[in-house]
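Note sheet for the following structure.
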Amino acid sequence: MPSPFSLPGFVRPFLLLMMKPCYNIVLVAPEIPQNTGTIGRLCVCTDAALHLIKPLGFSLDEAHLRRAGLDYWPHLHWHLYDDWEDFLQRNGHPTRLFFCSTKTSQSIYDQTFAEGDWLIFGNEGHGLPHALYERYADQLYTIPMPGEHARSHNLANAVSIALYEALRQTRWQSHAAR
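Per full-length UniProt numbering, the very first residue in the sequence shown carries number 1; after that it's consecutive.
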């Protein structure tokens, strides 16, 4: 089967919908385009899907993507949602949701991941919306930070750490150096 990226534009979206990503990265109201671009590239490298929940702190139009140097964006399996409820509805109300937060003591390294899981991150300035903390309190995890002088990791770094921990648990052997 040819790569979906080499097919005509009208065929590609349908094939991408049929392809199941290994993981789903969800950014709730991301603010910084460079972080989202870095995360998009990470998703392309790892066969993960990127889900963006509005509002976004930047534009996704073609000129802005080109200016940011995101030439891999056409290869990204990504989706855009109006809000959290739109995200839930369009994805069949997924249950394996993992919320990254500094407001919990549950370590990412104590989680058991499975392919298809949803790794969810708040924005750079405020983290996750308060309503999500309350609604999903038992599904929060943190990335341990032994240092004392920073309140959190950079968003793109946090996504990288979480995604590679999930991949380590589930696909490390099959995705060794190609």
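We treat Cβ as the ideally placed atom computed from N, Cα and C, and that holds for glycine.
Proximal residues to residue i (C-beta, below 8 Å), its chain only, five neighbours per side dropped
i: Pro2; result: Note that Pro2 scores 42 on pLDDT, short of 50, meaning its location in the model is unreliable; the coordinates nonetheless yield the value given after this. Once the five neighbours on either side are set aside, Pro2 has no close Cβ partner at all.
i: Glu134; result: none
i: Cys22; result: Thr46, Asp47, Ala48, Glu115, Gly116, Leu167, Thr170, Arg171
i: Tyr109; result: Pro144, Glu165
Member of the options whose CA lies at the smallest distance from the CA of residue i
i: Glu31; options: Leu42, Leu128, Tyr133; result: Leu128
i: Ser101; options: Leu56, Leu80, Leu60, Glu124; result: Glu124
i: Leu52; options: Pro74, Asp82, Arg151, Asp61; result: Asp82
i: Thr38; options: Trp172, Leu155, Ala166; result: Leu155
i: Gln139; options: Leu60, Gln106, Pro74, Asp61; result: Gln106
i: Phe87; options: Pro55, Glu165, Ser59; result: Pro55
i: Tyr136; options: Gly57, Ile25, His79, Lys103; result: Lys103
i: Pro33; options: Gln89, Ala131, Leu70, Trp84; result: Leu70
i: Trp84; options: Leu163, Val28, Pro74; result: Val28
Residue i, DSSP secondary structure in three states
i: Gly37; result: helix
i: Trp78; result: strand
i: His51; result: strand
i: Thr102; result: coil
i: Leu163; result: helix
i: Asn24; result: strand
i: Leu140; result: strand
i: residue 206; result: No answer is possible for residue 206: it lies beyond the span of the chain, which begins at 1 and ends at 178.
i: Leu42; result: helix
i: Leu97; result: strand
Chain-order list of residues whose beta-carbon lies under 7 Å from that of residue i (same chain, five-residue window excluded)
i: Gln111; result: Phe98, Tyr141
i: Leu76; result: Gly40, Cys43, Val44, Leu50
Same chain, Cβ closer than 6 Å to residue i, neighbours up to 5 away in sequence not counted
i: Ile161; result: Ile143
i: Gln169; result: Phe113
i: Gly57; result: Glu31
i: Asn35; result: Leu155, Ala156
Given 8 Å, three or more beta-carbon pairs between the region 113-121 and the region 93-102:
Touching, yes.
What alpha helix (DSSP H) runs, 4 residues minimum, are completely inside the region 108-136?
Entirely contained in the region 108-136, the alpha helix (DSSP H) runs reaching 4 residues are, in chain order, 130-135.
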